[in-house]
Structures are given as structure tokens and as C-alpha cells.
Amino acid sequence: MTDRFQRQQTLVPQARLQTLSAGIIGVGALGRQVALQLASLGIPRLQLIDFDTVETTNITTQGYLQRDLGCPKVEATARAIAEIDPAIQVETITDRYRPQISLHPVVFCCVDSIASRAAIWRSAQHRTEFWCDGRMLGEVLRIITAADEPSKAAYAATLFAPAEAEPGSCTSRGVIYTAAIAAGLMLHQFTRWLREIPVEQDLCLNLLDLSSASAQSS
């Protein structure tokens, strides 16, 4: 049997990956994409935390299936992960994040509001080695990564008062391709960290203004 990881082995150090486990807080549009991409990369253990169930609009914006309607999102996502690799150990928590929950060393924060992020960060900041927060609204996304003490201090400064946030939550306007792109960028930061390449602490991208981004990179 062909090793399913052979095409990524120079990009994703499998030996180190196999020693890690990851938690995803919120498995909506962004968190579900992160979970499926982690499964494809070969993460051996995953923790999924979300209190919500699948609704009709989640099929369009979050990649869930008709068969998932009414099912807890963590259970539907765990089922999809098993179809990628049944050997992956998945812990599902059908609840909001609570401080007493034991977190994994790698955490992807994919919740909908600044207030939720701030509350989670207060209890999680000293218990994680790699933290990646994905934020998006419509076709604008922001990826913030904290993987050492300086970047953790910088991350805290991004947790501004809710009144200063862009109007609307991450779920008020969304499309699945923004979530897929944002998840890919989060996983890119994760694999940089795995390879001991410096991560980008704060990455912003407006999909409606890619021409200026291309000009800056050329």
C-alpha cells in the first residue's frame, strides 16, 4: 500500500506530528475545515468542542451534509474525520468551552466573537504550545498565531472590546471558500511551527482586494 503521506513528507514532518494532539474550539465554517485538513495531514488525536447542531444554512456555508441535519456538529465532524482516517482518535465535547476542560497542546480557536475568544484565552494561554485564532467576515479573514511568549503577549492586544469589533459576528455573513482559505492559512502556520520556521503572528487578507496583495508580494 502506498504511504498516503509521501507527497507531503518534505512539508509536514510526520515524526513530530505523530507526537501531538490538537483541539478545535468551535466547529462551524472555519473549525470544520480545520478539522478535516488536520485529519488529512495525519494528526493522530483531535479534540472537538462545540455546543451547536447542524442547521440547513450550515450545508451552504460550513460544508455539512444533508445527513448531518439536527446532529451535533462535533459528532458530524467526527464522522467525516473517520471517513478520512478511522485510526484518528477523536474526542467530542458537545458543550461550550469551559475552563475545566483539559486542552491539548495545539489549539485552533474558531469561535464567533471577541468576547468568547478573550474568555477562552484567559484560561488557555498558559496551557498551549501553539495557538491559532481564525477570524472572518464575508470575504475578509485574519489569522493570528501565538507560539511563544512574545507572540502570546501580542495576541492579547488583539482582544479588543466587543464594541470596537466589526459589526456582525463571524456567522452573520459567510461563504465556504473563505473558510477553506482561512483554514488552509491556519494549517500553514501550524506546519511552519512544526518545521521550526517562524510563524506569521498576524495575517490579514481581503479576498476582494487581492490585486494589491499580489502587487506587494511581487
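Numbering of the sequence shown is given in this note's numbering, commencing with residue 2 and proceeding in unit increments.
Glycine included, C-beta positions come from ideal geometry on N, C-alpha and C.
Nothing here was measured: the structure is a model prediction, and the numbers come from that model.
**Study point:** Which listed residue (Ala148, Leu39, Val200 and Lys153) has its alpha carbon closest to that of Ile85
**Key:** Indexing the sequence shown from 1 puts residue 85 at position 84. Distances from the CA of Ile85 to each of Ala148, Leu39, Val200 and Lys153 were compared; the closest alpha carbon is that of Leu39.
Practice item. Rank Val35, Gln19 and Gln7 by C-alpha distance to the C-alpha of Asp134 and give the top, closest one. Key: Residue numbering aside, residue 134 sits at position 133 when the sequence shown is read from its first letter. The candidate whose alpha carbon is nearest that of Asp134 is Val35.
Practice item. Compute the Euclidean distance between the alpha carbons of Asp1 and Ser117, then round it to the nearest angstrom. Key: Limits of the chain in this structure are 2 at one end and 219 at the other, which puts residue 1 out of reach.
Practice item. Would you kindly check if the distance between the Cβ of Pro45 and the Cβ of Ile102 is under 8 Å? Key: Your numbering for residue 102 matches position 101 in the sequence shown. Your numbering for residue 45 matches position 44 in the sequence shown. Taking 8 Å as the Cβ cut-off, Ile102 and Pro45 do not qualify as a contacting pair.
Point to revise | Limits of the unbroken beta strand (DSSP E) element including Leu37 | key: The residue labelled residue 37 in the question sits at position 36 within the sequence shown. Judged by DSSP secondary structure, Leu37 falls outside any beta strand (DSSP E) and instead within the alpha helix (DSSP H) spanning Ala30 to Leu42.
Exercise for review: Assign Ala79 to one of three DSSP states: helix, strand, or coil.
Suggested key: For the purposes of this step, residue 79 is identified with residue 78 of the sequence shown, where counting begins at 1. In the three-state reduction of the DSSP assignment, Ala79 falls in the helix class, which pools H, G and I.
Review point. Roughly how many angstroms separate the alpha carbons of Thr62 and Asp149, rounded to a whole number?
Key: For the purposes of this step, residue 62 is identified with residue 61 of the sequence shown, where counting begins at 1. For the purposes of this step, residue 149 is identified with residue 148 of the sequence shown, where counting begins at 1. If you take the alpha carbons of Thr62 and Asp149, they lie about 33 Å apart.
Review point. Are the beta-carbon atoms belonging to Gln15 and Phe6 less than 8 Å from one another?
Key: For the purposes of this step, residue 15 is taken as residue 14 along the sequence shown, with counting starting at 1. For the purposes of this step, residue 6 is taken as residue 5 along the sequence shown, with counting starting at 1. Yes, the Cβ-Cβ distance between Gln15 and Phe6 is below 8 Å.
Exercise for review: Mind reading off the beta-carbon distance from Asp69 to Val55? Whole number of angstroms is fine, and I expect it under 8 Å.
Suggested key: Locating residue 69 in the sequence shown gives position 68, counting from the first residue. Locating residue 55 in the sequence shown gives position 54, counting from the first residue. At roughly 4 Å, the Cβ-Cβ gap stays under 8 Å, so Asp69 and Val55 are in contact.
Exercise for review: Please list, in chain order, all residues of the same chain as Thr57 whose beta carbon is under 8 Å from its beta carbon, the five residues on each side excluded.
Suggested key: Mapped onto the sequence shown, residue 57 falls at position 56. Closer than 8 Å at the Cβ level, and outside the excluded window around Thr57, lie Leu70.
Check your understanding: Roughly how many angstroms lie between the CA atoms of Phe131 and Ala79, to the nearest whole one?
Key -> The residue labelled residue 131 in the question sits at position 130 within the sequence shown. The residue labelled residue 79 in the question sits at position 78 within the sequence shown. Each residue's Cα considered, the two are about 22 Å apart.
Point to revise | Beta-carbon proximity of Leu42 to Ile25, cut-off 8 Å | key: Here residue 42 corresponds to residue number 41 of the sequence shown, with the count starting at 1. Here residue 25 corresponds to residue number 24 of the sequence shown, with the count starting at 1. No, these two residues do not count as a Cβ contact at 8 Å.
Review point. Which of helix, strand or coil does DSSP assign to Gln190?
Key: The sequence position of residue 190 within the sequence shown is 189, counting from 1. Here DSSP, grouped into helix, strand and coil, assigns Gln190 to helix.
Check your understanding: Mind checking whether Leu186 and Leu204 have CB atoms under 8 Å apart?
Key -> Numbered from 1 along the sequence shown, position 185 holds the residue referred to as residue 186. Numbered from 1 along the sequence shown, position 203 holds the residue referred to as residue 204. Yes.
Review point. Which runs of the beta strand (DSSP E), 3 residues or longer, sit entirely within the stretch 134-168?
Key: Listed in chain order, the complete beta strand (DSSP E) runs (minimum 3 residues) inside the stretch 134-168 are 141-147.
Review point. Ala154: buried (16+ other C-beta within 10 angstroms of its C-beta) or exposed?
Key: Here residue 154 corresponds to residue number 153 of the sequence shown, with the count starting at 1. With fewer than 16 Cβ atoms within 10 Å of its Cβ, Ala154 is classed as exposed.
Practice item. Could you check if Glu77 is buried or exposed, using at least 16 other CB atoms within 10 Å of its CB as the buried criterion? Key: As a first step, residue 77 must be located in the sequence shown, where it is residue number 76. A small fix is needed here, since residue 77 is Ala in this sequence, not Glu. With a threshold of 16 other beta carbon atoms within 10 Å, Ala77 meets it and is buried.
Check your understanding: Rounded to a whole number of angstroms, what is the C-alpha to C-alpha distance between Phe191 and Gln9?
Key -> Residue mapping note: residue 191 aligns to position 190 of the sequence shown, counting from 1. Residue mapping note: residue 9 aligns to position 8 of the sequence shown, counting from 1. One Cα belongs to Phe191, the other to Gln9, and the distance between them is close to 14 Å.
Review point. Whose C-alpha, out of Ile60, Asp113 and Asp53, is nearest the C-alpha of Tyr178?
Key: Position 177 of the sequence shown, counted from the first residue, corresponds to residue 178. The residue with the shortest Cα to Cα distance from Tyr178 is Ile60.
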